[in-house]
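Number of protein chains: 2
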Amino acid sequence: MKYFVVIGLGTFGQNTAIELENLGHQVLVIDQDEKRVTAIKDLATESIIADATDKKVLSEFVNKNVDAVILNMGDNLEANALTTLNLISIGVKRIIIKAKNDAFGKILTAIGATDIIYSEREGAKRLAQKLHTPNLIEHIPLSPEYEIVELAVPDKFIGKTLDELKIRNKYKVVVIAVKDILSNEFHLIPGADFEFCQNSAMIIIGKTFDIDRLSF
Amino acid sequence: MKYFVVIGLGTFGQNTAIELENLGHQVLVIDQDEKRVTAIKDLATESIIADATDKKVLSEFVNKNVDAVILNMGDNLEANALTTLNLISIGVKRIIIKAKNDAFGKILTAIGATDIIYSEREGAKRLAQKLHTPNLIEHIPLSPEYEIVELAVPDKFIGKTLDELKIRNKYKVVVIAVKDILSNEFHLIPGADFEFCQNSAMIIIGKTFDIDRLSF
Ligand SMILES: Nc1ncnc2c1ncn2[C@@H]1O[C@H](COP(=O)(O)OP(=O)(O)OP(=O)(O)O)[C@@H](O)[C@H]1O
Ligand SMILES: Nc1ncnc2c1ncn2[C@@H]1O[C@H](COP(=O)(O)OP(=O)(O)OP(=O)(O)O)[C@@H](O)[C@H]1O
Chain V
931 MKYFVVIGLG TFGQNTAIEL ENLGHQVLVI DQDEKRVTAI KDLATESIIA DATDKKVLSE
991 FVNKNVDAVI LNMGDNLEAN ALTTLNLISI GVKRIIIKAK NDAFGKILTA IGATDIIYSE
1051 REGAKRLAQK LHTPNLIEHI PLSPEYEIVE LAVPDKFIGK TLDELKIRNK YKVVVIAVKD
1111 ILSNEFHLIP GADFEFCQNS AMIIIGKTFD IDRLSF
Chain Z
931 MKYFVVIGLG TFGQNTAIEL ENLGHQVLVI DQDEKRVTAI KDLATESIIA DATDKKVLSE
991 FVNKNVDAVI LNMGDNLEAN ALTTLNLISI GVKRIIIKAK NDAFGKILTA IGATDIIYSE
1051 REGAKRLAQK LHTPNLIEHI PLSPEYEIVE LAVPDKFIGK TLDELKIRNK YKVVVIAVKD
1111 ILSNEFHLIP GADFEFCQNS AMIIIGKTFD IDRLSF
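In structure tokens, the structure reads:
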């Protein structure tokens, strides 16, 4: 079980606190807005109404042994920066900040933030990928060159086996699992005699170059 | 090549427009804020300064054959709702709205939005998972029961083969790929005699139940 601090209860911060509690960890939430703290206090281990830029107050509640501090304090660079400096002087080892743009992220990294999260940008990239690849259900980049995608099984595969379709030879990608969309059941690493059925999706791993060229 | 419209140039909208253009599609961006439109106009196929709640103006620039319209208009429910109703009366088939909370999403779905995206919530869940599983590099849920994770290879695996480690038997998960962290090179579906090296990560597929119980 770990101990985290969330400073700033923007949507991201609220959800991070709730999810960490759901996963069995303890979370202290801090925000200067009484309404937001009250709304979440039954879900968090501890909750405090305070101005995080006030070093004296912050050091009363945050000690250097916390596993990480997550900031979601909005667009005010000064508030984010001062809070980061306070946390560094307290001795916090991991400071994760949700930022909207590179300028913000660069500056906060320069003063000591360890992780910057650009969730709108990441969400936008995921959406753009899904709009780009119509039968794409999920798209997971693994490295600049490789990715995993989940695609609806094309109609012309139905009733054919992996061996007949020669997917690895023809398309250079590997089918690592097939999912029945209705039951959510999985068939991991299907063999050569595996036959595709209706209403299923295939999880494929391969080079981005080859996946982009898939056309069934 | 597809044609998309992005209404509202919040961070999410801006990045969606840019990413879709990068993927080779055409994007029309609409926002009532002149500064935001000017900042992006060289990157978008077309850009217009307009109030999207004005049906007459909107129908001049958006026709029903667009592949999808993406809304990122901020927290004003009325603006999002009126724009959605305008798009529906124009005949747009796919309306994707970035929303911050369920109430917003429910209401907009009730009046006809086809997709709601909660990017802060999704980002928060991903962060919480990474904080929960320390050697977790990536976590991809495939269904309520199955997921793919990318984990750093534990020290005690180094120098041993897949066969010696009996990973599928012991841990009930399948190693579908091993990535060299320094070179980003991949070894897909490693065989029984594959030997783990330093500085690598393994991509594993299995039931969430079993992955949560992994302890090396
Ligand atoms: N100095 C401060 N001390 C404590 N809390 C602060 C301070 N400054 C800002 N906050 C809090 O940070 C929160 C920022 O929320 P806001 O909704 O502006 O974030 P956001 O950037 O829109 O995030 P999201 O996109 O995740 O919703 C507010 O609840 C605000 O009260
Ligand atoms: N009626 C309208 N017509 C056109 N544009 C609008 C209208 N109402 C709002 N907008 C635009 O929508 C945009 C919303 O941006 P804002 O930064 O508030 O979004 P956000 O919810 O914080 O998104 P993100 O978290 O992705 O940054 C603004 O650029 C604003 O000008």
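Respectively, the protein sequence lines represent chains V and Z. In case it helps, the working numbering puts the first sequence at residues 931 to 1146. In case it helps, the working numbering puts the second sequence at residues 931 to 1146. Heads up, the beta-carbon is just placed ideally off N, CA and C, and yes, glycines get one too. Because the structure is a prediction, the values reported are computed rather than measured.
Counting only beta-carbon distances shorter than 7 angstroms to the non-hydrogen atoms of ligand 2, the qualifying residues in chain order are V:K1030, V:E1050, Z:I937, Z:G938, Z:L939, Z:G940, Z:T941, Z:F942, Z:G943, Z:I960, Z:D961, Z:Q962, Z:D963, Z:R966, Z:A980, Z:D981, Z:A982, Z:T983, Z:N1002, Z:M1003, Z:G1004, Z:D1005, Z:N1006, Z:A1009, Z:T1013, Z:K1028, Z:K1030. Annotation for V:A1029: no beta strand (DSSP E) segment contains it, and DSSP assigns it neither H nor E.
For the alpha helix (DSSP H) assignment, the uninterrupted runs of no fewer than 4 residues enclosed by the region 936-1016 of chain V are, from N- to C-terminal side, 941-952, 964-970, 985-991.
Per DSSP, V:H1062 has no beta bridge partner at all. Of all residues in the region 1116-1140 of chain Z, the ones placed with a Cβ closer than 8 angstroms to any Cβ belonging to chain V are F1116, L1118, I1119, I1133, I1135, G1136, in chain order. Z:K1055 carries a helical assignment under DSSP once its states are collapsed to helix, strand and coil. Among the residues facing chain V, Z:A1058 is included, as its CB has a counterpart in that chain under 7 angstroms away. Residue state for Z:L1038 is assigned as helix, using DSSP reduced to three classes. At a Cβ-Cβ threshold of 7 angstroms, Z:I1088 and Z:Q1059 do not count as neighbours. In this structure, Z:I1135 is the residue among Z:D963, Z:D1045, Z:I1135, Z:R966 with its C-alpha nearest to the C-alpha of V:H1117.
For the pair Z:E1080 and Z:I1067, the CB atoms are nearer than the 7 angstroms cut-off. Less than 7 angstroms divides the Cβ of Z:T1014 from the Cβ of Z:I1025.
In terms of CA proximity to Z:L973, Z:Q944 leads the group Z:Q944, Z:L1072, Z:D963, Z:E964. Taking a C-beta distance under 7 angstroms as the contact criterion, V:L1092 and V:A1122 qualify as a contact pair. Of all residues in the region 1073-1095 of chain Z, only S1073, P1074, E1075, Y1076, I1078, E1080 place a beta-carbon less than 8 angstroms from a beta-carbon of chain V. Between the region 999-1010 of chain Z and the region 1027-1044 of chain Z there are three or more inter-stretch CB-CB distances shorter than 8 angstroms, so the stretches are counted as touching.
Beta-bridge partners of Z:G1136 (DSSP): Z:E1077. If you check each beta-carbon in the region 1035-1059 of chain V against every beta-carbon of chain Z, the ones closer than 9 angstroms belong to D1045, I1047, Y1048, S1049, E1050, R1051, E1052, G1053, A1054, K1055, R1056, L1057, A1058, Q1059. For the region 963-995 of chain V, no residue has a beta-carbon sitting nearer than 8 angstroms to a beta-carbon of chain Z.
Taking V:V1083 as the centre and dropping the five residues before and after it, the same chain places the C-beta of F1126, S1130, A1131, M1132 closer than 7 angstroms to its C-beta, in chain order.
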